Amino acid sequence: ITMDLDNRLYRISRLTPVSGFIGDYCISPKADKLYYTMRGSDGKFDLMKTDLRKKETTRLLADVKGGFEMDAKGENLYVISGSGMKVITLGEGTPTVKPIEFEADYTRVPSAERAYIFDHVISQVRDKFYDVNLHGVDWDMYGREYRKFLPYISNNRDFALLLSELLGELNASHTGARSFPAGATSAHVNGQLGAFFDERYDGDGLKVAEVLKRGPLATAAANVKPGDIITAIDGMPILKDADYYPMLEGKTGKKTRLSVKHADGKTSEIIVRPISLGVQNGLLYQRFVEHNRHVVDSISGGKVAYVHVQGMDSYSFRTIYDQLLGLQRNCEAVIVDTRYNGGGWLHNDIAILLSGREYVRFSPRGNYIGSEPFSQWNKPSVMLVNESNYSDAHGTPYVYKTLGLGKLIGAPVPGTMTAVWWETQVDPTLMFGIPQVTSLDMNGKPLENQQLNPDIEVYNKPLEMLEGVDTQLIEATRELLRQISAK
């Protein structure tokens, strides 16, 4: 066979008929069929087959987890996942699936396993830590000293703490060990009602101080308002000074009856479905963003936009892109809040979004309708930062300041712009981090441990925060108003 490589770029052809998240794939030995798993709308992966000659795609099986390999004849797919191994026999009809049964006995000595992992951590850090000089630390000496504690460790939680103390000697971000023991089942997880309760209330029941928007108590059917008192859960009275959480154990997503005494003296019985803690935290985050946007809007009279970057990831970018260039496009300036952001990898995307420079305006019959660049923000901005910015949430404001896109406002940010490898151990309930790739400024100095100072330094006082006063946010709004008025 003679391959025409010179023209290969002109023979690119799409193999799958629709876009989607692909799990794994392989091509049959004759290169006439493509097998792949693709995530469906239900979040599960389906096994698909595309006949590359006929351009026909068929859904073969639902809920196929894991990666797979095809045998030499193209007759079987061997699938391996966290739940085991199985073989999928292919044919003209519906494939058949059979589990591959096996037994693999072994003798496990947890103390010996921990000793191995300890030595492995020492070796991996020595070979892969981003600084070959290990920040000047005598790593072998620390390894010998901390190893003395191993005989007294009897569980992975303590072991993870020991490894974290050892790794902490490096004085670097993205280190430490974590233990992930088996968690509680859904039957033992407490449901959440999506409300704040009055801590000063001294009677029986739960007196509602605030109902979270979009929570289980915020529906028209529930009709729960601040000042109402929840007196019982599924008929069990809530007594003064008693813990009510056991009453919500295992109730997440399940119909739960609440007895409510309303502020006007009337009583009612309502049915709600408590939410998980994760869902409630999401509602609390939305509350945080909405509150901040209201503060900025009130002070600026609608002139200043506000967006919060929750994480340095694709979802967060799509969110701020939508909010900034959609709902708030006509504002004259924007506050980009990166506080409490744990990082990811988004610095360049945000820099591009905020670095637009207006170069043309569109005006049919004398009426202005827009400018270019349309897909970038081309007006003034400031970026809010604080002590909680981490990893790429240090890198992003560094890029913002280095490129001169605007002022940083808030508290100094610790230098943590380093890429990490979180390595799962032979015991999969243990993981530890090795910062492998550092970022250097244009003078060749690592951003790791290089504090980033804001242009306008402002600290939020704890007592003011308790009252809902965000001094950093207020100062950012006033700074942009000064910039707008100076134009």
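In this note's numbering, the protein residues as written are 20 to 506.
Note that beta-carbon positions come from the ideal geometry of N, C-alpha and C, so glycine has one too.
No experiment lies behind these values; they were computed from the predicted model shown.
Neighbourhood of residue i by C-beta distance below 8 Å, restricted to the same chain and skipping five residues each side
i	result
Leu459	Pro465, Leu466
Val279	Val243, Asp247, Ile248, Ile249, Thr250, Thr286, Ser287, Glu288, Ile289
Ile388	Phe381, Ser382
Glu132	Val445, Asp446
Phe144	The sequence shown places Val at residue 144, not Phe. Hits under 8 Å: Leu153, Trp158, Leu186, Leu189, Ile453.
Ile119	Tyr97, Gly103, Met104, Lys105, Val106
Leu169	Ser130, Arg133, Ala134, Phe137, Leu181
Residues near residue i by beta carbon distance below 6 Å, same chain, minus five either side
i	result
Val439	His193, Gly452, Pro454
Tyr55	Ile41, Tyr44, Met67
Asp23	none
Ala191	Pro454
Gly210	Leu267, Lys270, Thr271, Pro293
Phe178	Arg133, Ile172
Ser410	Gly362, Thr435
Pro431	Gln470, Asn472
When the options are compared against residue i, the one with the closest alpha-carbon
i	options	result
Lys68	Gly59, Ala282, Leu53, Leu80	Leu53
Gly414	Thr443, Ser374, Leu471	Leu471
Trp441	Ile119, Met89, Ala196	Ala196
Met89	Pro129, Lys506, Ile46	Ile46
Pro114	Asn95, Gly103, Ile99, Gly101	Asn95
Lys117	Ala123, Ile99, Val128, Glu218	Ile99
Gln491	Gly85, Pro416, Asn311, Lys74	Asn311
Tyr149	Thr435, Gly301, Thr108	Thr435
Glu122	Asn360, Met104, Thr238, Asp70	Met104
Gly62	Ile31, Asp25, Ala81	Ala81
Asn408	Gln469, Pro433, Tyr478, Leu109	Pro433
Glu75	Gly110, Thr35, Phe87, Leu109	Thr35
Ile371	Gln395, Tyr359, Gly385, Phe307	Gln395
Thr437	Arg127, Ser142, Asn468	Asn468
Pro392	Ile475, Arg384, Val379	Val379
Pro245	Phe307, Lys226, Thr238, Val128	Lys226
Per-residue DSSP class, three states only, for residue i
i	result
Ile318	helix
Ile503	helix
Pro465	strand
Phe336	helix
Val327	Reading off the sequence, residue 327 comes out as His, not Val. Correct three-state label for His327: strand.
Ala228	strand
Ser278	strand
Ile521	Any answer about residue 521 is impossible in this case: the structure gives the chain only from 20 up to 506.
Leu80	strand
Gly429	strand
Tyr363	The sequence given here has Gly at residue 363, not Tyr. Three-state result, Gly363: strand.
Asp51	coil
Val128	coil
Gly86	strand
Trp441	strand
Val156	coil
Ala123	coil
Gly452	strand
Val308	helix
Gln342	helix
Leu181	helix
Met255	strand
Lys63	coil
Ala237	coil
Asn175	helix
Arg216	The residue you asked about is not Arg; residue 216 is Phe in the sequence shown. Strand.
Neighbourhood of residue i by C-beta, 7 Å cutoff - its chain only, sequence neighbours within 5 removed
i	result
Lys274	Ile290, Arg292
Gly39	Met57, Arg58
Arg78	Asp65, Met67
Leu185	Tyr161, Tyr165
Thr448	Asn175, Ser198, Phe199, Pro200
Glu218	none
Inter-residue CB distance, residue i and residue j (contact presumed, cutoff 8 Å)
i	j	result
Ser400	Val328	Not really, about 12 Å apart at Cβ, beyond 8 Å.
Met331	Gly363	3 Å
Tyr97	Val106	6 Å
Leu189	Val156	6 Å
Phe366	Val418	A quick correction: the sequence has His, not Phe, at residue 366. His366 to Val418, Cβ: 5 Å. Contact.
Lys398	Ala352	6 Å
Leu500	Ser295	Actually they do not touch by this definition, with Cβ atoms about 41 Å apart.
Arg33	Asp51	Actually they are not in contact, since the Cβ atoms of Arg33 and Asp51 sit about 16 Å apart, beyond 8 Å.
Gly93	Lys147	Gly93 to Lys147, Cβ: 40 Å. No contact.
Pro256	Asp223	7 Å
Thr357	Pro416	6 Å
Ile428	Ile475	5 Å
Would the segment 165 to 181 and the segment 413 to 422 be scored as touching if the rule is three or more Cβ pairs under 8 Å?
-> no
If we count Cβ pairs, one from each stretch, closer than 8 Å, do we get three or more for the segment 231 to 245 versus the segment 214 to 223?
-> Counting C-beta pairs closer than 8 Å gives three or more between the segment 231 to 245 and the segment 214 to 223, which meets the contact rule.
Quick check: the segment 494 to 502 against the segment 304 to 321, are there 3 or more CB pairs under 8 Å?
-> Touching, yes, given that three or more Cβ pairs across the two stretches are closer than 8 Å.
Say whether the segment 317 to 326 touches the segment 340 to 349, bearing in mind that this needs 3 or more beta-carbon pairs closer than 8 Å, one atom from each stretch.
-> yes
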